[in-house]
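Asks:
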Amino acid sequence: MGRCTSHFDRERIPERVVHARGFVADGEFRGFAVKFRTEDGNWSNTPESMHMLTWLFSPRGIPANYRTQDGFGVNTYRMVNAAGEGVLVKYHWKSQQGIESLTEEQAAAIQARELGHASKDLYEAIERGECPRWELHVQMTLNRNVSNVHNENEQIAFGTGVLVDGLDFSDDKMLVGRTFSYSDTQRCRVGPNYLQLPINAPREDVQVNTNQDGGQMSYGVDNRAGNPHINFEPSSVAGLDQADESYREYRPFVSGQVMRAPIERQNNYGQAGERFRTMPQWERDDLVKNLVNLLGQCDKHIQQEMVWHFSQCDDAYGRRVAEGLGIADHA
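Shown next, in the form of structure tokens:
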């Protein structure tokens, strides 16, 4: 009884602190792994956030389910060709099921009776054989639900620093910070040998040499070229071969002072205004209503400043929010 109780006390691992709640399903996607997560943001008086706020507080900010939402990569990466030439890329996944969203009232009604409805929807769709698909020039299909939630969901670990030849980091400061933080979070949350777990390990036909040994829950054995006592390279005794150097990494040329400075040619309001004008009327109505409801809880000087920002995006955008707040004569 004591053994069973002790095991029960330790059957869960801590919640992820850098990832929002999501859902896990296996699929086919030519070697890519994708994790969807919803995004949220804080009120800000900086103009750079207007486009994000316009999306977030419109119905697009509450997807009806995982299947009917597009996916957008947070970070900017770099693709590098065989000649070492690079281009900056951001990944967008386009849902082949179409886009469906919820109003705040619809979401509240669902949440009142069903927790985790999006996870349930995706699970049941795959069980019915209605495998959802997203397209990134190469199609992605989710076609198998996990058989053990703890082993294949709770223990799964992603990191922005795990790249293959042809992909490289950009100068995105957030990506640089996450490259260390994500993997370090997994070492803290799951354990130092989290990469040895089957859900995180490479395919069985891929040989992995990390030169690492020991630590809690260690069971994987690295190939060490015939001598398990050599954990460094190069070595004249044994050890691992050095990596193939035929791949040409991206080598940027930088001239002049490197500094942190504002962008001279700014366009902080153009995208938000374009998005507002291309929304269906019901989405514009819902966006304005959501903003009015939340800004109505703020002090008047904050309301006026936000209305000014919305007006820079589109005159009608700012006017409608101001009218809803009852400050149209003061905006």
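If you use the numbering used here, the sequence shown corresponds to residues -5 to 325, in order. Note that beta-carbon positions come from the ideal geometry of N, C-alpha and C, so glycine has one too.
#1: On the three-state DSSP scale, how would you describe G67?
#2: Assess, as a yes-or-no matter, whether the stretch 279 to 289 is touched by the stretch 255 to 264 under the definition of 3 or more beta carbon pairs within less than 8 Å.
#3: With the cut-off set at 8 Å, would you say E129 and Q90 are in Cβ contact?
#4: If H45 sits next to R269, beta carbons under 8 Å apart, how far is it from one beta carbon to the other, in whole angstroms?
#5: Could you check if K114 belongs to the surroundings of the ligand FMN, using beta carbon to heavy atom distance under 7 Å?
#6: Measuring straight from C-alpha to C-alpha, what distance separates E9 and V18?
#7: What whole-angstrom Cβ distance do V289 and L319 have, given they're in contact under 8 Å?
#8: If you pair each beta-carbon of the stretch 112 to 119 with each one of the stretch 145 to 164, do three or more pairs fall below 8 Å?
#9: For the structure I just gave you, are there three or more beta carbon pairs, one from the stretch 91 to 101 and one from the stretch 54 to 63, closer than 8 Å?
#10: Could you tell me if D159 is buried or exposed, where buried requires 16 or more neighbouring beta carbons within 10 angstroms of its beta carbon?
#11: Output the boundary residues of the alpha helix (DSSP H) element that contains K167.
#12: Hey, would you say D162 sits closer than 8 Å to Y311, going by beta carbons?
#13: State the Cα-Cα distance for the pair T173 and D165, rounded to the nearest angstrom.
#14: Would Q210 and G250 qualify as a contact pair, given that the criterion is a beta-carbon distance under 8 Å?
#15: Answer yes or no: do N139 and C125 have a C-beta to C-beta separation smaller than 8 Å?
#16: Give the straight-line distance between the Cα atoms of N69 and Y60, rounded to the nearest whole angstrom.
#17: Tell me the start and end of each unbroken beta strand (DSSP E) in the stretch 129 to 168 that is at least 3 residues and wholly inside, in chain order.
#18: With V18 as the anchor, note down where its alpha helix (DSSP H) starts and where it stops.
#19: Note down, in chain order, each residue of its chain lying with its Cβ closer than 7 Å to the Cβ of D308, except the 5 sequence neighbours on either side.
#20: Just to confirm, are Y213 and Q190 a CB contact at a threshold of 8 Å?
#21: Run through the stretch 58 to 129 for me and flag every whole beta strand (DSSP E) of 3 or more residues, listed as ranges in chain order.
#22: Taking the C-alpha atoms as reference points, what is the distance between S175 and K167?
Replies: Considering the structure as presented:
#1: coil
#2: no
#3: Closer than 8 Å, so yes.
#4: Between R269 and H45 the Cβ distance is about 7 Å, and since that is below 8 Å, they are a contact.
#5: Ligands are entirely absent from the displayed structure, and the ligand FMN is therefore not among its contents.
#6: 15 Å
#7: Note that residue 289 corresponds to Leu in the displayed sequence, not to Val. About 6 Å separates the two Cβ atoms, so the contact holds.
#8: no
#9: yes
#10: exposed
#11: 167 to 183 is the span of the alpha helix (DSSP H), which, as asked, contains K167.
#12: no
#13: If you take the alpha carbons of T173 and D165, they lie about 12 Å apart.
#14: No; because the gap between Cβ atoms is not below 8 Å, this pair is not in contact.
#15: no
#16: 20 Å
#17: 132 to 139, 161 to 163
#18: Where V18 is concerned, there is no enclosing alpha helix (DSSP H), given that its DSSP letter is neither H nor E.
#19: G267, F270, R271
#20: yes
#21: 71 to 74, 80 to 83, 86 to 89
#22: Cα to Cα, S175 sits roughly 13 Å from K167.
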